[in-house]
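**Student:**
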Amino acid sequence: MRKLTKKENFIMNLFWDHGKMFIRDLISHYDEPKPHFNTVSTQVRTLEKDGFVSYDQVSGNHLYYPLVTREQYGDGSLNGVVASYFKNSYLDVVSNLVRDEKISLDELKSLIEKIEKGSAE
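Adding 626 to a residue's 1-based position in the sequence shown gives its number in this note's numbering.
1. Roughly how many whole angstroms lie between the Cα atoms of residue 688 and residue 713?
2. Bridge partners of residue 682, per DSSP?
3. Can you tell me the Cα-Cα spacing of residue 718 and residue 744, whole angstroms?
4. Can we say the stretch 720 to 735 touches the stretch 672 to 681, given the rule of at least three CB pairs closer than 8 Å?
5. Nearest to residue 648 by CA position, among 667, 729, 701, is which residue?
6. Within 10 angstroms of its Cβ, does residue 692 collect 16 or more other Cβ (buried), or is it exposed?
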């Protein structure tokens, strides 16, 4: 799964937060100045072509909806980062997080305890 652009990510978050929408509904969630209808439509069609969204035909209009969940996209993005920068080693990722003090040893121990109890959250 490819990485979304900033604008595509914004659109996908709208779908994930609000569900099915027409292009005009998407545009209503933008701040002023709102983008042109054709601009958003082109971005959504690109997302459709790449398998991120699909649509239902409703009265001659396309009602778009996400095909990929936020979690699926996040998992794919994380896998890509781990593969590209950490030689597919999640252990290296965790080591970096501890080394760079993004996660403390106490937090890591707490996470391990949760996993051992079967309730990682």
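Backbone N, C-alpha and C fix where the C-beta goes; we use that ideal spot for every residue, glycine too.
**Tutor:** Reading off the structure:
1. Residue mapping note: residue 688 aligns to position 62 of the sequence shown, counting from 1. Residue mapping note: residue 713 aligns to position 87 of the sequence shown, counting from 1. Using only the alpha carbons, I get a separation of about 42 Å.
2. In the sequence shown, the residue the question calls residue 682 occupies position 56. Looking at the DSSP assignment, residue 682 forms a beta bridge with 689.
3. Residue mapping note: residue 718 aligns to position 92 of the sequence shown, counting from 1. Residue mapping note: residue 744 aligns to position 118 of the sequence shown, counting from 1. If you take the alpha carbons of residue 718 and residue 744, they lie about 23 Å apart.
4. no
5. The residue given as residue 648 occupies position 22 in the sequence shown. Comparing Cα positions, the closest option is 667.
6. Taking the first residue of the sequence shown as position 1, residue 692 is located at position 66. Answer is buried; the Cβ neighbour count reaches 16.
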